[in-house]
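K.L.:
Residues in the sequence shown are numbered from 1473 upward in steps of one, following this note's numbering.
Even for Gly, the Cβ is constructed at its ideal location relative to N, Cα and C.
Pasting a structure below so you can have a look.
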Amino acid sequence: QLALLLIRSHLRGNKGRGVSGTVKLKAKVVAALPFALTDPQLEALAEIEKDMASEKRMLRLLQGDVGSGKTIVALLAMLGAVEAGLQAALMAPTELLVRQHLASLEPYARTAGVRLACLTGREKGAGREVTLQKLAAGEIDILIGTHALFSDDVAFKDLGLLVIDEEQR
């Protein structure tokens, strides 16, 4: 545990860049939600936004039960990066989970005018090339994918936030 604490401290000490948005996109999505955000969700989001605005790199664990709203908090944080002119990515461990995230986030992304795409090992050929070209050109705001996001041919124009969904890991 001490070794992990030292590694984490070292990583957080590396210089990052402050990222903050205008909250316009976040407001559109919050207005479209069929529920009100809970106090714990709002507190978690406020802490994440504070970390994102800092010049230090953010290493944060958002933990909660299934259905507690972790994904919507992650989306709202990613919208902060998008509002700042950056891209965001959500990495999930399985293609099934990527597709679930895509389906659940797509309506909110559409409401906010955010360009969403997915990338998994299944995408091959011309379709994959088009996605990669759009990503490199900054024409995709949020990319949802598996570990395929870390392939050598994947290049973001300007990645500002990466969210890793590792299901209880």
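Quick one, are the C-beta atoms of E1555 and L1497 less than 8 Å apart?
P.N.:
Yes, these two residues count as a Cβ contact at 8 Å.
K.L.:
Write down the C-beta distance between L1471 and G1632 rounded to the nearest angstrom, noting that I regard them as a contact closer than 8 Å.
P.N.:
Only positions 1473 to 1641 of the chain appear in this structure, which leaves residue 1471 out of reach.
K.L.:
Going by alpha carbons, who is nearest to A1608 out of L1558, T1583, R1571, T1566?
P.N.:
Nearest option by C-alpha distance: L1558.
K.L.:
Can you tell me whether DSSP reads L1574 as helix, strand or coil?
P.N.:
Helix at L1574.
K.L.:
Is it buried or exposed for L1478, if we count other Cβ within 10 angstroms and need 16 for buried?
P.N.:
Flag for L1478 reads exposed.
K.L.:
Just reading off the alpha helix (DSSP H) that A1549 is part of, what are its end residues?
P.N.:
Residues 1542–1555.
K.L.:
Hey, could you find the ends of the beta strand (DSSP E) I1636 is sitting in?
P.N.:
I1636 -> beta strand (DSSP E) spans 1631–1636.
K.L.:
Quick check: V1501 and A1584, are their CB atoms within less than 8 Å of each other?
P.N.:
Closer than 8 Å, so yes.
K.L.:
According to DSSP, simplified to helix, strand and coil, what is L1607?
P.N.:
Looking at L1607 - three-state DSSP - the assignment turns out to be helix.
K.L.:
Which value, in whole angstroms, describes the spacing of the CA atoms of V1491 and H1573?
P.N.:
Approximately 24 Å between the Cα atoms of the pair.
K.L.:
Taking the CB atoms as reference points, tell me whether G1536 and T1510 lie closer together than 8 Å.
P.N.:
In this structure, T1510 does not lie closer than 8 Å to G1536 by Cβ.
K.L.:
I need the straight-line Cα distance from R1600 to L1547, nearest angstrom please.
P.N.:
Going from the Cα of R1600 to the Cα of L1547 covers about 23 Å.
K.L.:
If you reduce the DSSP assignment to three classes, tell me which class M1563 lands in.
P.N.:
It is a strand residue.
K.L.:
How long is the line joining the alpha carbons of L1517 and V1538, rounded to whole angstroms?
P.N.:
Answer to the nearest angstrom: the Cα atoms are 18 Å apart.
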